[in-house]
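From first to last, the protein sequence lines are chains A and B. Numbering-wise (my numbering), the first sequence opens with residue 175 and increments by one. Numbering-wise (my numbering), the second sequence opens with residue 175 and increments by one. Built from N, CA and C at the ideal position, the CB exists for glycine as well. Given the structure is predicted, the values throughout are model-derived calculations rather than measurements.
There are 2 protein chains.
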Amino acid sequence: MDRVPLPEKSLIARFRRHARPRGPLVAGIGDDCAVQQVAHGFDLLITTDFTLEGIHFRRDWLPPEVVGRRCVVRGLSDIAAMGGDPATVFLSLALPKKLPQRWVDRFMKGLLQMAAQFNAVLGGGDTAESPAGVCADIVVTGCIPHDRAILRSGARPGDEIFVSGWLGGAAAALHEFFAGRRPRFQDFPRHFAPIPRVAIGRFLREKQIASAMIDLSDGLSTDLAHICEESGVGAEITAAAIPRAQVGRKKLPVSLELSLHGGEDYELLFTARPSVGRALHRVPAQIAGVPITRIGRIIPEKTLVLIDENGTRHRLRPKGWEHLR
Amino acid sequence: MDRVPLPEKSLIARFRRHARPRGPLVAGIGDDCAVQQVAHGFDLLITTDFTLEGIHFRRDWLPPEVVGRRCVVRGLSDIAAMGGDPATVFLSLALPKKLPQRWVDRFMKGLLQMAAQFNAVLGGGDTAESPAGVCADIVVTGCIPHDRAILRSGARPGDEIFVSGWLGGAAAALHEFFAGRRPRFQDFPRHFAPIPRVAIGRFLREKQIASAMIDLSDGLSTDLAHICEESGVGAEITAAAIPRAQVGRKKLPVSLELSLHGGEDYELLFTARPSVGRALHRVPAQIAGVPITRIGRIIPEKTLVLIDENGTRHRLRPKGWEHLR
Chain A
175 MDRVPLPEKS LIARFRRHAR PRGPLVAGIG DDCAVQQVAH GFDLLITTDF TLEGIHFRRD
235 WLPPEVVGRR CVVRGLSDIA AMGGDPATVF LSLALPKKLP QRWVDRFMKG LLQMAAQFNA
295 VLGGGDTAES PAGVCADIVV TGCIPHDRAI LRSGARPGDE IFVSGWLGGA AAALHEFFAG
355 RRPRFQDFPR HFAPIPRVAI GRFLREKQIA SAMIDLSDGL STDLAHICEE SGVGAEITAA
415 AIPRAQVGRK KLPVSLELSL HGGEDYELLF TARPSVGRAL HRVPAQIAGV PITRIGRIIP
475 EKTLVLIDEN GTRHRLRPKG WEHLR
Chain B
175 MDRVPLPEKS LIARFRRHAR PRGPLVAGIG DDCAVQQVAH GFDLLITTDF TLEGIHFRRD
235 WLPPEVVGRR CVVRGLSDIA AMGGDPATVF LSLALPKKLP QRWVDRFMKG LLQMAAQFNA
295 VLGGGDTAES PAGVCADIVV TGCIPHDRAI LRSGARPGDE IFVSGWLGGA AAALHEFFAG
355 RRPRFQDFPR HFAPIPRVAI GRFLREKQIA SAMIDLSDGL STDLAHICEE SGVGAEITAA
415 AIPRAQVGRK KLPVSLELSL HGGEDYELLF TARPSVGRAL HRVPAQIAGV PITRIGRIIP
475 EKTLVLIDEN GTRHRLRPKG WEHLR
């Protein structure tokens with residue numbers, strides 16, 4: 175059989191070795207579409223996320239494995255934020271002509287390892303030549319029992335606000351890069367090795383604890399604003415309560431600014447009905463080994479309030495996370 | 175409520191007006207994931223396709239509506255090639271900073287009109303700034319009764335080979351552009367207004383006529399090679415039988431070369447068991463108003479053969495369709 179002389183043929187072949195139909199896939203790479211089974215009584219979750227060179231990452235700052243991991247973490251974290259279980263991953267990848275094959279191999283290795291760690295199977299994708307820089311678009315699907323997805327729109331006045339883990343650690347690494355330093359992997363794990371909080375999301379859904387949820391990709395202030403906007407409410411949070419990541423050789427806490435506005439931590443932000451007298455909805459101090467911290471509460475006024483260490487109330491403006499800009 | 179000052183905010187708002195949860199969507203834009211219902215007894219089809227400026231289209235050649243339509247046709251045609259029904263569309267769109275808003279509006283209009291025409295609902299996507307040129311990645315999902323997807327791998331020696339419509343018309347328009355001419359819309363409808371053959375795919379699946387199927391996006395020779403590779407067979411086709419598109423003011427047939435190797439016609443190529451004595455599998459001369467033409471047959475030798483008008487057999491080499499290269 176003649177081989178089709180497409181430049182990306184070898185990449186498709188490489189994809190394919192990792193994409194034999196299994197798990198929820200009836201058919202994978204090598205056909206016009208992937209065919210995916212969705213169990214009776216379950217809904218499908220779908221999310222898509224760009225990872226663009228120069229916008230979301232710089233090739234001289236991150237090893238290819240890390241770019242691949244972060245690429246798929248963005249989607250896995252969205253599945254976690256609904257309370258779902260990851261199922262499949264689709265990768266559309268446009269590559270510049272001169273990109274070394276070795277870079278692609280290492281990128282794919284990071285991506286596939288991360289996907290496999292969360293039981294997500296590579297189902298397909300597309301390849302093309304990129305006119306400028308690596309351009310990846312990742313689609314992650316997941317499944318969730320029908321009508322059990324935890325939406326952004328469920329927060330009600332009086333609900334308490336929680337976050338998982340520690341905030342600002344990923345942005346702190348970027349801060350180092352921009353200052354001309356080379357942050358070490360082990361000093362900034364949340365930047366180099368982010369972990370989607372799938373187990374926490376699943377726990378919160380199974381126990382029916384969370385009234386609303388989002389993942390912290392754009393930063394606390396912006397993602398809290400998303401919850402409030404979708405729920406038609408406001409929020410007040412206490413500065414001193416925010417769990418700040420400890421980074422660098424000396425493991426010093428990041429600034430309040432970074433913990434409020436730094437993006438890409440991929441922790442979960444959720445609300446829960448107040449626990450007074452309602453043991454069912456009590457939020458554990460730790461889920462899947464990760465601390466859960468109460469940082470504030472939902473209020474009826476459609477505004478964001480930050481309470482500082484003196485008890486003074488400030489208007490909190492969401493600062494959009496614009497990646498490398 | 176403060177608005178998040180992301181540059182793409184207005185684009186997300188625009189998406190959203192077209193993406194209220196309906197049809198199979200439980201939740202759409204405005205959450206971490208879309209939530210999609212899949213009816214019991216049905217499988218989900220997923221396909222992703224890049225549309226990159228400079229690779230798949232040139233902004234100075236095509237009106238934005240046409241770029242939008244062609245963008246979603248690529249995915250709808252993949253759903254058609256499995257015999258499925260389109261369900262949802264997801265659009266990841268990276269735009270250069272200086273792109274006029276009017277271009278985006280017209281692009282979205284074309285895309286959404288085409289999706290709506292085939293009952294596909296916009297379910298979400300992602301937006302970003304592009305370092306160079308418009309970069310769109312489209313995901314189309316569809317549904318199909320469990321285990322009824324028509325795969326590329328089902329062709330068997332002796333099966334007859336068919337195509338829908340006429341071939342080479344889309345590539346003929348590109349040929350005009352490259353020659354420095356400005357082809358008119360009405361003279362090259364398959365380039366400016368391609369139609370995914372969803373009704374034909376559905377008919378072939380319902381009647382269980384096709385043993386294997388693919389859509390003609392890369393060109394007849396390449397896509398036939400894909401069918402043969404996946405099925406472990408070869409094929410022989412008759413040059414005189416190939417239905418050549420008639421293009422230009424004088425509606426002249428395209429060259430044999432274009433009908434064999436030109437891409438992006440989005441017709442369907444399928445195989446069917448030989449009809450002798452088997453009325454069940456008889457292929458109609460026309461489906462959904464589009465002619466269906468028998469062009470050859472599947473052979474056991476893993477090679478592609480073209481029979482010319484003198485009956486001489488030639489080796490047919492698949493010529494990969496490399497878009498604007």
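Closer than 7 Å to chain B by CB, residue 338 of chain A: No, its Cβ sits nowhere closer than 7 Å to a Cβ of chain B.
N-terminal and C-terminal residue of the beta strand (DSSP E) that residue 210 of chain A is part of: It spans 208-211 - the beta strand (DSSP E) in which residue 210 of chain A sits, taken as one unbroken run.
Cut-off 8 Å between Cβ atoms - residues of its own chain near residue 386 of chain B, not counting five sequence neighbours on either side: 324, 325, 326, 327, 328, 329, 333, 401, 404, 405, 444, 445.
Residue 338 of chain B, DSSP secondary structure in three states: In the three-state reduction of the DSSP assignment, residue 338 of chain B falls in the strand class.
CA nearest to the CA of residue 479 of chain A, picked from A:228, A:374, A:394, A:411: Checking every option, the nearest Cα to that of residue 479 of chain A belongs to A:411.
Element boundaries [alpha helix (DSSP H), containing residue 468 of chain B]: Taken as a continuous stretch (DSSP letters only), residue 468 of chain B belongs to no alpha helix (DSSP H), being part of the beta strand (DSSP E) at 464-473.
Residues near residue 499 of chain B in its chain [Cβ-Cβ closer than 6 Å; skip 5 each side]: Residue confidence for residue 499 of chain B is low, a pLDDT of 49 falling below 50, so the modelled location carries little weight and cannot support an answer.
Separation of residue 233 of chain A from residue 388 of chain A, as counted between CA atoms: Their backbone Cα atoms lie some 29 Å apart in a straight line.
Through-space distance from residue 481 of chain A to residue 223 of chain B, alpha-carbon basis: Roughly 47 Å between the two C-alpha positions.
Partner residues on chain B for residue 220 of chain A, Cβ-Cβ distance less than 9 Å: Taking the beta carbon of residue 220 of chain A as reference, the chain B residues within 9 Å of it are 207, 208, 209, 210, 220, 262, 264, 297, 298, 313, 315, listed in sequence order.
Residues near residue 491 of chain B by beta carbon distance below 8 Å, same chain, minus five either side: In its chain, beyond the 5 residues on either side, 395, 478 have a beta carbon closer than 8 Å to the beta carbon of residue 491 of chain B.
contact_flag[the stretch 360-368 of chain B, the stretch 235-248 of chain B] where n(CB pairs < 8 Å) is 3 or more: Touching, per the Cβ criterion.
Where residue 486 of chain B sits in the DSSP three-state scheme: Taken through DSSP and simplified to helix, strand or coil, residue 486 of chain B comes out as coil.
Touching by the beta-carbon criterion (3+ pairs, under 8 Å), the stretch 414-424 of chain B and the stretch 340-356 of chain B: Output reads yes: the stretch 340-356 of chain B touches the stretch 414-424 of chain B.
Every unbroken beta strand (DSSP E) within the stretch 352-394 of chain A, with a cutoff of 3 residues, ordered by chain: Runs found: 386-389.
Within chain A, partners of residue 404 of chain B - CB distance below 9 Å: By Cβ distance, chain A contributes 204, 205.
Contacting positions in the stretch 366-398 of chain A - beta carbon closer than 7 Å to chain B: Residues of the stretch 366-398 of chain A that bring their beta carbon within less than 7 Å of a beta carbon in chain B comprise 388, 389, 396, in sequence order.
7 Å CB neighbourhood of residue 361 of chain B in its chain, flanking five on each side removed: Closer than 7 Å at the Cβ level, and outside the excluded window around residue 361 of chain B, lie 421, 422, 423.
Within 7 Å, strictly: CB atoms of residue 269 of chain B and residue 304 of chain B: Between residue 269 of chain B and residue 304 of chain B, the C-beta spacing is below 7 Å.
Three-state class that DSSP yields for residue 203 of chain B in the structure shown: Reduced to three states, the DSSP call for residue 203 of chain B is strand.
Residues that DSSP places opposite residue 217 of chain B in a beta bridge: Residue pairing by DSSP places residue 217 of chain B opposite A:211, B:318 in a beta bridge.
Extent of the continuous alpha helix (DSSP H) run through residue 260 of chain A: Per DSSP, residue 260 of chain A is not a residue of any alpha helix (DSSP H); the beta strand (DSSP E) it occupies stretches across 259-269.
Opposing strand residues paired with residue 481 of chain B [DSSP bridges]: Residue 481 of chain B pairs with B:412, B:487.
Pair within 7 Å by beta-carbon distance, residue 218 of chain B and residue 209 of chain B: Between residue 218 of chain B and residue 209 of chain B, the CB-CB gap reaches or exceeds 7 Å.
CA nearest to the CA of residue 462 of chain A, picked from A:310, A:363, A:441, A:473: With respect to the C-alpha of residue 462 of chain A, the residue from A:310, A:363, A:441, A:473 having the closest C-alpha is A:441.
Below-7 Å beta-carbon distance, residue 417 of chain A vs any chain B residue: No, residue 417 of chain A lies away from the interface with chain B (no Cβ there is under 7 Å from its Cβ).
Range covered by the alpha helix (DSSP H) that runs through residue 281 of chain A: Run containing residue 281 of chain A: 275-291, per the alpha helix (DSSP H) assignment.
Cβ-based burial, residue 258 of chain A [other Cβ within 10 Å; buried from 16]: Buried, by the Cβ-count rule.
DSSP bridge partner residues for residue 418 of chain A (one or two, in chain order): Note: residue 418 of chain A is bridge-paired with A:341 in the DSSP secondary-structure output.
Residue nearest to residue 380 of chain B in terms of C-alpha spacing, selected from B:438, B:390, B:318, B:432: Checking every option, the nearest Cα to that of residue 380 of chain B belongs to B:318.
Alpha helix (DSSP H) segment containing residue 149 of chain B, residue limits: Any question about residue 149 of chain B goes unanswered here, given that chain B covers just 175 to 499.
Distance CB(residue 249 of chain B)-CB(residue 295 of chain B) smaller than 7 Å: Taking 7 Å as the cut-off, the Cβ atoms of residue 249 of chain B and residue 295 of chain B do not count as close.
Length of the line joining the Cα atoms of residue 439 of chain A and residue 476 of chain A: Distance between the alpha carbons of residue 439 of chain A and residue 476 of chain A: 26 Å.
Beta-carbon spacing of residue 316 of chain A, residue 255 of chain A below 7 Å: Not in contact: residue 316 of chain A and residue 255 of chain A (Cβ atoms no closer than 7 Å).
Local Cβ density within 10 Å of residue 238 of chain A, reported as buried at 16 or more and exposed below that: Buried, because 16 or more other Cβ atoms sit within 10 Å of the Cβ of residue 238 of chain A.
Contact list for residue 217 of chain A against chain B, beta-carbon separation under 7 Å: Correct list: 200, 209, 210, 211.
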